[in-house]
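Going down the list, the protein sequences come from chains A and B.
Everything in the first sequence is counted per this note's numbering, starting at 1 for the first residue and increasing by one.
Everything in the second sequence is counted per this note's numbering, starting at 1001 for the first residue and increasing by one.
In this text, a Cβ means the ideal position worked out from N, Cα and C, and glycines have one as well.
There are 2 protein chains.
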Amino acid sequence: MPTQAVNLADKLKLFDELWAPKVVGSFNGHDLIVVKVKGRFVWHSHPDTDDLFLVLKGRLTIEMREGAVTLGPGELYVVPRGLEHCPTADEETELLLIEPEGTPNTGDPATAAPKPKI
Amino acid sequence: MPTQAVNLADKLKLFDELWAPKVVGSFNGHDLIVVKVKGRFVWHSHPDTDDLFLVLKGRLTIEMREGAVTLGPGELYVVPRGLEHCPTADEETELLLIEPEGTPNTGDPATAAPKPKI
């Protein structure tokens, strides 16, 4: 068993890159991920998994074809599987994500970022 | 699709009971749960699922037979499936939990608390 809790803020201090997800733990076949984002991502969807976003710091807008949702710290949103979405952040924003192991962040393995463990 | 983010602090303002989990969302067949705890729970394990704890406020100790882990705000811990544990909090503590739908909080359906949606 791990002998220490995962401090999310401490993990986020370990890197500066944007849109570069880092795996900080594992839960029921899912990766627990922290990521820093700023600017606009790409429209994409995940056919086989819901997409969970929890804002730790900053502000995230998740655009969807039917409308947008904006999240501040302590707010979460689950994009249902298959639904196209485009995350956008005007300021640098820190997120906790939960995704099945191996999920490509862009929805497409050819363009997906690697997800190293930290 | 849900048109609003889930504000965890706002959800936690809706109730006062301790050890009374409330479902605030759904993700890949799992319930997203908020709960207030204080004092000592019971030793239990979940044979079929890992157990994810994220502290939002306060301080939680998770006792396990091999040792204890203490978590403050912004810290998470995953108890591996099958491992006996006993959560304890000296002060009132607020948590986000993620559990497969229908998971009994005590590990035993006979003694488990109901999990209403709020």
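In DSSP terms, what residue i is bridged to
i, result
"His1046 (chain B)", "According to DSSP, His1046 (chain B) bridges with nothing at all."
"Lys22 (chain A)", "A:Val34"
"Asn105 (chain A)", "DSSP output for Asn105 (chain A) lists no bridge partner at all."
"Ala1009 (chain B)", "According to DSSP, Ala1009 (chain B) bridges with nothing at all."
"Thr93 (chain A)", "A:Val37"
"Thr88 (chain A)", "A:Arg40 and A:Thr61"
"Ile1098 (chain B)", "B:Leu1032 and B:Leu1052"
"Lys117 (chain A)", "A:Val23"
Residue nearest to residue i in terms of C-alpha spacing, selected from the options
i, options, result
"Val35 (chain A)", "A:Leu83, A:Gly29 and A:Glu99", "A:Glu99"
"Asn1007 (chain B)", "A:Asp50, A:Pro47 and A:Leu76", "A:Leu76"
"Lys120 (chain A)", "A:Val78, A:Leu95 and A:Ile62", "One cannot answer for residue 120 (chain A) here, as it falls past the ends of chain A, which runs 1 to 118."
"Thr1003 (chain B)", "A:Thr103, A:Val79 and A:Gly39", "A:Val79"
"Trp19 (chain A)", "A:Thr88, A:Leu71 and A:Ala68", "A:Thr88"
"Val69 (chain A)", "A:Glu101, A:Cys86, A:Ser45 and A:Glu17", "A:Cys86"
"Pro1109 (chain B)", "B:Met1001, B:His1044 and B:Val1055", "B:His1044"
"Met1001 (chain B)", "A:Thr103, A:Ile33, A:Arg81 and A:Pro47", "A:Arg81"
"Glu66 (chain A)", "A:Gly72, A:Leu83, A:Val55 and A:Phe53", "A:Leu83"
Cβ neighbour criterion (16 or more within 10 Å) applied to residue i
i, result
"Asp90 (chain A)", "exposed"
"Ala5 (chain A)", "buried"
"Thr111 (chain A)", "exposed"
"Asp1051 (chain B)", "buried"
"Val969 (chain B)", "Nothing about residue 969 (chain B) can be read from this structure; chain B reaches only from 1001 to 1118."
"Gly25 (chain A)", "buried"
"Pro1116 (chain B)", "exposed"
"Gly1074 (chain B)", "buried"
"Asp31 (chain A)", "buried"
### Task
Mind listing, in chain order, the continuous beta strand (DSSP E) runs of no fewer than 3 residues lying wholly within the region 1027-1080 of chain B?
Within the region 1027-1080 of chain B, the beta strand (DSSP E) runs of at least 3 residues that lie entirely inside it are, in chain order, 1030-1040, 1051-1057, 1060-1064, 1067-1071 and 1075-1079.
### Query
Between the region 1031-1042 of chain B and chain A, which residues of the former have CB atoms less than 9 Å from a CB of the latter, in chain order?
Within the region 1031-1042 of chain B, the residues whose Cβ lies closer than 9 Å to some Cβ of chain A are Leu1032, listed in chain order.
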